[in-house]
Structure formats: structure tokens, C-alpha cells
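Here the protein sequences come in this chain order: Y and L.
Going by the working numbering, the first residue of the first sequence is number 1, and it counts up by one from there.
Going by the working numbering, the first residue of the second sequence is number 342, and it counts up by one from there.
Number of protein chains: 2
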Amino acid sequence: MSNIRLGILGATGVVGEEMMNIIKEKSIKYKSLKLLASKKSAGSVVDFDDKKLIIEELSEDSFDDLDILLVAVSSGLSRKYSPIAVKKGVTIIDNSSAFRLEEDVPLVVPEVNGDDIDNHKGIIANPNCSTIIALTALNKLNEFAGINRMIVSTYQAVSGAGAKGLSELQEQISNLENNEEIKNEAFQHQIAYNLIPHIGPFNEEGYSEEEMKMQNEGRKILHNPSLKVNCTCVRVPVFRSHSESITIEMDKEITVEKAKEIIAGSPGVKLVDDLENNIYPMPLDTSNQDLIYVGRIRKDISKEDDKSLTLWCCGDQIRKGAATNAVQILEKVIEKKAYRN
Amino acid sequence: MSNIRLGILGATGVVGEEMMNIIKEKSIKYKSLKLLASKKSAGSVVDFDDKKLIIEELSEDSFDDLDILLVAVSSGLSRKYSPIAVKKGVTIIDNSSAFRLEEDVPLVVPEVNGDDIDNHKGIIANPNCSTIIALTALNKLNEFAGINRMIVSTYQAVSGAGAKGLSELQEQISNLENNEEIKNEAFQHQIAYNLIPHIGPFNEEGYSEEEMKMQNEGRKILHNPSLKVNCTCVRVPVFRSHSESITIEMDKEITVEKAKEIIAGSPGVKLVDDLENNIYPMPLDTSNQDLIYVGRIRKDISKEDDKSLTLWCCGDQIRKGAATNAVQILEKVIEKKAYRN
């Protein structure tokens, strides 16, 4: 019998709900489960694991009876409440970007750097979705040949903007079908039948926040401060899987055959690369499951040496890109007894 | 008064119809206009330029009374009929890939290498849509700083598969709305809410035909046989504009400011790069017009030198990607009197 008093902050959001699904699927043992959300959702009843759970309103007093809290709210809310919970001895697994780059906060993809959890001071951060997907795909290639440069173009699903992103695509499609006016609230522009090369605010150099995450978080997760990443992030009218076109330059020669062998043996990854049979990763196929599909693996023909590869990968943004990765961190925290009990 | 006897082969296809629109928009002068198509469409009447034109069935005898023929059919059909027409003295402007890489066939983007028309031997080829869009965007940057490597990820509209591509996306969306079964005929897999990294057959190295076109056609158009291009082509659920995420490595240093100045002065191109106001190229905005929109221009932060840039461009696949470019070639052919009369 587990003694863990578990909590989920943001239990009514897309990621929070998926965290609950995954806790159940993985049969995570806990003593109690507390669901926290904003005032708006407080009081509603959730059926979970043959029990009825009442959503409680988040306050500074929400954390006294918790050991581990999964946080799936905005970085603003996390920045306010996570330190309060930490002071009360709670171990935080935070899906927001609030603390990801802070020095004493491990940023963890369990397949890549699970042992970084050992050094946490109360907060463990879950990386950005497109970063998790890319690094899960590339981790073993990096171990083999040392990636030093990545050029990435993403094709990101609307689920990255949460429930309002999912409904906005669906509503725009329906409204257009019925010749009704459409509204843009979750995104800057119409996303139905369109592409928006803008995810997060732009910096002075013209890169979006989402684009910089791939380099900044990638360096931290791979323990490679000199990793260079050039990323272009684009929102596409797909519901819940992100796709990425990635070119990597490495320190060492690698054949396509070797790369496929490494991908096939990578944890959390499925090699999906059978061109003769029209089989390659696609976002429809990777939705509602946890593996990152990797395929279209080929030599980068724009480089004369044999140290550069190009590939294509897809993964569910809500699951491995967010909720699954967080619950995998939770499993590691429990396994390592890296919480206060 | 013009003495040109003009023809369009494939007049009932998406590109052929758009060629007619553009001939009218540009007030191209001609003496007669002959519309050719397969038996299936022959006999139908088209309203054009205040006249009623009857679609004629393609045969080996279709070419006797023509001076210039725009070809907008499959490469198989073009390979069969274009040489017959050339033998009869007709100048061919061919939108198919049949002759693009043949030595005595100019492959022309008028803004880039219009003078290559001078050397034609009867056939002038119109490049592949994503190649036209990329090279129109990059031409003046290349003139300034010599592009030697391109890394491109495309986001290609369904119009690239013609009328059946356009209707397949629309039907799949409607069928999914109504919980009806969907069919895949134009594409290998469902395209609604999905991405398909597969355009044209794959070669032994794992590149698709569409991906190789960017390098092979790019080298010919830019007169740079050592240009290296690594391309990933992806079909996206967008109707008629292609988008491309492009990183270029050049021979010479260039600032972002200089690059923007060059793009702003490039023929056929519009600089659309005002991040503060959420303004950047998007496929919805570039549809049904002729300019290639270029934006998100920034230094490639994965390279230490200042010779590498990253940018994002969009252009209408049916217009500048096919029909407009062909009609621009027609204009050049007329201007240069590069036909038999």
C-alpha cells in the first residue's frame, strides 16, 4: 500500500485530465488523490478509479496534505503557487515553463536524463512538448554520435493551446462548412486550412519563444551547453500530435542503417520507416498513445561528410509531449523515493 | 493585333483553367485560342473573354494550327504529345516534369533566369511548384551572397494533386463532420487533420521525387551545379498555397537588415515581416494571387558565422507555382519573339 498523497493542479484542463488517465493506465499507487483547479471548476465531481472526486479550489492552503503535486496550469499560476507548495514539503512536477531553466530545477525526459531527478530541490520541470518529442527521438543517436547542430521545422497540433485550441479548430471548420463567421481566440489568425508560423512571443532576433525552447531546454536535458539549434515552429490544423522535420549534424560518421538500428532500440520510440509500403510517421497514427514514431531517416545530402542525417518524427502532444512525460517523472520520483516521505 | 495562335493542353484541369484566367488578367494578345483536353471533356463549351470556346479532343493532329502551346497535363501525356507538336513547329511551355532536366530544355522562373528561354529548341519547361516558390523567394539573396546549401521543409497544399486533391480534403472534412466513412484516392492516407511526408515516389536514398526536384531543378535554374539541397516535403491540409521553412548557407556574410532590404526589392516577392503586429506569410493570405510572401527572416543561430539565414515563405501553388509562372514564360516568349512566326 502506497503512502503517497498525490495532487493534480489544473485537473480540469486537457493535460490535467490526461494525467489522470495515465495515472490510471499505469496503475500508479497512491494513498489519496487531490484534484485542484480554479474557482470556476471547484465543486464539480469527477469519476475516477471507481471513486467520486470533488474538484477543490486552489488556495495557499491547498498543499498541507500533499507529498507530490503534478502542476498543469499556466506558468504564471505555477510561479505563484509552486514555491508555496515546496515550502510545505511538497515535491512539484511542473508542466509549465515557469522554472524549466532555473539552475536547481531538473528538466527531465525520463528516457534521456531521468537521473537528473536526484538533484531536485522541490521542483522538477516537464519540458516543452516539441522538445520532449525531438529529444526522445534523438537521444540514442546523440549518445552514439554527439549531435552538435539541429535544424528543426515543426508542424504543431492545436492541442498545444489546450482545450480552447482543440475547440477553435473544430468550430472554425464547422463554421466554414456552414458559411458562418469564424472567430480567432486561441490563435492569432484562422488555423482551419491555414498555417501560423508563430508560437509564443518573438524575441529581438526574430525567434519565437517556442523556437528558443528547443535550444535552451535541449542543452539542459542533453547536458550539452554548446548544442546549436535553429528551429522554426509552425501551428498546423491537426488536433493532437506534433510532427517535426529534423536535420542533425553530429561529431561522428553514422550510416542510415546504423541510425535505424539505434532508433529501433531507443526507449519510448518506434521506428516507422517502410517507404515501399507507404509507412512513415503521421500525426493521426501517433495520437492517443505514448510512443514517438521516427522515420524518413536518410543521409543529409546537403553535407559532403557522413555525419549528418535528416528524419521525421511525430508524437502525441498531450500525452508524451506533456501528461505522459510528467507521469513518467512521477514514477521515477516514486521509484527513487525522491519525495519527502 | 497579335498573330499568335495559342493553345492550352489540359484546359479543363485546375492549372489549365487558371492559365486561362491569367491570360485574361494579363490581357495576353492572341489571334486564336485552342483548348485541348482528353476525350472525356471534349465538346464542352467554355465561356472565355466574351467568346464561347469548344474544348477539342487531343490527337496527333491537334497541333497544325498552333504557334505556342501551354501544356498542363501529366508528364506521361506531355512526353507523348509535346515532341509531336514541336515537330510541327509549335513552341511548348510545359508544366509537367517530363523534360525539365533535359539539356536543351530551358527550365525557367522568369524573375530568375528568363533569358534561358533564348536557347530553347521547342520546349520550355515550367519548374515544380515548390521549387518556383523557393527560388522566386531566394533569387536576389543568391545573387547577393551565393547560396551553396539549402535545408528546406515544405508544407504543401492539396492543390498540388490537382482538382482531386482539392475535393478530397473538402470531402474528408465533410464526411468526418457527418460521421461518414472517408476515402483516400488522391493521397496515400487521410489528409484531413493529418500530415503526409510523402510526395512522389521515393528513391533508394529515401528521398521523394518532390524532395529531389528542389535540388535538381534548383541547380539548373540558378546555374549552380554544386548547389546542395536537403529537402523534406510534406502534404498538409491547406487548400492552395505552399509554405516552406528554409535555411540557407551562403558564400558571404549578410545581415538580417540587408536580407530584408533585398527581399523587399525582389521581383515577384513581397516582404511580409512585421512580428510586432503578428504579420508574417500564411498560406491563406497568399492564395489567389501571384506574389511569394517572405518573412520570419532571421540569422541562423545554429551557425557561428553570419553567412546563414532562416526564413519562411508562402505562395499560391496553382498560380505562381504553376499557371502564372507558365503564362509569365509565355509573355517572355512573345516579348522575345521566341516562337516560329
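Yeah, the Cβ is synthetic: ideal placement off N, Cα and C, and Gly gets one too.
All of these numbers come straight from a predicted model, not from anything done at the bench.
Proximal residues of chain L, C-beta to C-beta of residue i below 9 Å
{"i": "residue 238 (chain Y)", "result": "534, 535, 536, 577, 578"}
{"i": "residue 280 (chain Y)", "result": "537, 538, 539"}
{"i": "residue 177 (chain Y)", "result": "514, 515, 518"}
{"i": "residue 34 (chain Y)", "result": "Going along chain L, no residue has its Cβ under 9 Å from residue 34 (chain Y), so there is no contact; the nearest lies around 35 Å."}
Buried or exposed by the 16-neighbour rule on C-beta atoms within 10 Å, applied to residue i
{"i": "residue 250 (chain Y)", "result": "buried"}
{"i": "residue 253 (chain Y)", "result": "exposed"}
{"i": "residue 178 (chain Y)", "result": "exposed"}
{"i": "residue 142 (chain Y)", "result": "buried"}
{"i": "residue 25 (chain Y)", "result": "exposed"}
{"i": "residue 571 (chain L)", "result": "buried"}
{"i": "residue 681 (chain L)", "result": "exposed"}
{"i": "residue 405 (chain L)", "result": "exposed"}
{"i": "residue 223 (chain Y)", "result": "exposed"}
{"i": "residue 127 (chain Y)", "result": "buried"}
{"i": "residue 343 (chain L)", "result": "exposed"}
{"i": "residue 423 (chain L)", "result": "buried"}
{"i": "residue 432 (chain L)", "result": "buried"}
{"i": "residue 384 (chain L)", "result": "exposed"}
{"i": "residue 428 (chain L)", "result": "exposed"}
{"i": "residue 168 (chain Y)", "result": "buried"}
{"i": "residue 477 (chain L)", "result": "buried"}
{"i": "residue 614 (chain L)", "result": "buried"}
{"i": "residue 685 (chain L)", "result": "As shown, chain L starts at 342 and ends at 682. That puts residue 685 (chain L) outside it, with no answer to give."}
{"i": "residue 566 (chain L)", "result": "exposed"}
{"i": "residue 115 (chain Y)", "result": "exposed"}
{"i": "residue 394 (chain Y)", "result": "Summary: the structure shown does not reach residue 394 (chain Y), with chain Y confined to residues 1 through 341, and so no result is reported for it."}
{"i": "residue 611 (chain L)", "result": "buried"}
Spatial neighbours of residue i in its chain, beta-carbon cut-off 6 Å, leaving aside the 5 residues before and after
{"i": "residue 125 (chain Y)", "result": "94, 99, 100, 105, 107"}
{"i": "residue 374 (chain L)", "result": "347"}
{"i": "residue 485 (chain L)", "result": "603"}
{"i": "residue 665 (chain L)", "result": "363, 631"}
{"i": "residue 589 (chain L)", "result": "488, 491, 650"}
{"i": "residue 328 (chain Y)", "result": "110"}
{"i": "residue 140 (chain Y)", "result": "262, 266"}
{"i": "residue 243 (chain Y)", "result": "155, 283, 314"}
{"i": "residue 461 (chain L)", "result": "447"}
Beta-carbon spacing of residue i, residue j below 8 Å
{"i": "residue 606 (chain L)", "j": "residue 473 (chain L)", "result": "no"}
{"i": "residue 298 (chain Y)", "j": "residue 546 (chain L)", "result": "yes"}
{"i": "residue 292 (chain L)", "j": "residue 193 (chain Y)", "result": "In the structure as shown, chain L begins at 342 and stops at 682. Residue 292 (chain L) is therefore absent and cannot be evaluated."}
{"i": "residue 214 (chain Y)", "j": "residue 152 (chain Y)", "result": "yes"}
{"i": "residue 278 (chain Y)", "j": "residue 539 (chain L)", "result": "yes"}
{"i": "residue 496 (chain L)", "j": "residue 155 (chain Y)", "result": "yes"}
{"i": "residue 234 (chain Y)", "j": "residue 182 (chain Y)", "result": "no"}
{"i": "residue 504 (chain L)", "j": "residue 355 (chain L)", "result": "yes"}
{"i": "residue 532 (chain L)", "j": "residue 513 (chain L)", "result": "yes"}
{"i": "residue 551 (chain L)", "j": "residue 541 (chain L)", "result": "yes"}
{"i": "residue 338 (chain Y)", "j": "residue 28 (chain Y)", "result": "no"}
{"i": "residue 41 (chain Y)", "j": "residue 74 (chain Y)", "result": "no"}
{"i": "residue 280 (chain Y)", "j": "residue 268 (chain Y)", "result": "no"}
Chain-ordered chain L contacts of residue i [CB-CB under 7 Å]
{"i": "residue 151 (chain Y)", "result": "492, 588, 643"}
{"i": "residue 189 (chain Y)", "result": "623"}
{"i": "residue 243 (chain Y)", "result": "536"}
{"i": "residue 275 (chain Y)", "result": "543, 547"}
Beta-carbon neighbours of residue i, restricted to chain L and to distances below 8 Å
{"i": "residue 340 (chain Y)", "result": "The premise fails here: residue 340 (chain Y) is roughly 41 Å from chain L at the closest Cβ pair, so nothing lies under 8 Å."}
{"i": "residue 222 (chain Y)", "result": "Per Cβ cutoff of 8 Å: no residues; residue 222 (chain Y) is ~15 Å from chain L at best."}
Chain-ordered chain Y contacts of residue i [CB-CB under 8 Å]
{"i": "residue 637 (chain L)", "result": "197, 206, 232"}
{"i": "residue 570 (chain L)", "result": "301, 302"}
Residue i: contacting residues in chain Y (beta-carbon distance under 9 Å)
{"i": "residue 403 (chain L)", "result": "In chain order: nothing, as chain Y lies at least about 37 Å away."}
{"i": "residue 496 (chain L)", "result": "153, 155, 195, 234, 236"}
Neighbourhood of residue i by C-beta distance below 7 Å, restricted to the same chain and skipping five residues each side
{"i": "residue 39 (chain Y)", "result": "57"}
{"i": "residue 259 (chain Y)", "result": "141, 297, 309"}
{"i": "residue 515 (chain L)", "result": "none"}
{"i": "residue 16 (chain Y)", "result": "8, 10, 72"}
Sequence-distant residues of its chain with Cβ nearer than 8 Å to residue i (five each side left out)
{"i": "residue 212 (chain Y)", "result": "203, 231"}
{"i": "residue 352 (chain Y)", "result": "With chain Y covering only 1 through 341, there is no way to say anything about residue 352 (chain Y)."}
{"i": "residue 561 (chain L)", "result": "441, 442, 448"}
Test: residue i CB closer than 8 Å to a CB of chain C
{"i": "residue 255 (chain Y)", "result": "Looking at the structure shown, chain C is missing, and the protein chains on hand are Y and L."}
Per-residue contacts from residue i into chain Y (C-beta, under 7 Å)
{"i": "residue 651 (chain L)", "result": "230, 232"}
Residue i beta carbon near the ligand ADP (any heavy atom closer than 7 Å)
{"i": "residue 575 (chain L)", "result": "Absence of the ligand ADP from the depicted structure is noted, as is the absence of any ligand whatsoever, leaving it without description."}
Measuring CB atoms only, is the region 653 to 662 of chain L touching the region 623 to 630 of chain L, in the sense that at least three cross pairs come out at less than 8 Å? yes
Per the contact definition of three or more C-beta pairs closer than 8 Å, is the region 328 to 338 of chain Y in contact with the region 393 to 404 of chain L? no
Pairs of beta-carbons, one from the region 42 to 50 of chain Y and one from the region 8 to 25 of chain Y, closer than 8 Å: are there three or more? yes
Quick check: the region 410 to 428 of chain L against the region 344 to 360 of chain L, are there 3 or more CB pairs under 8 Å? yes
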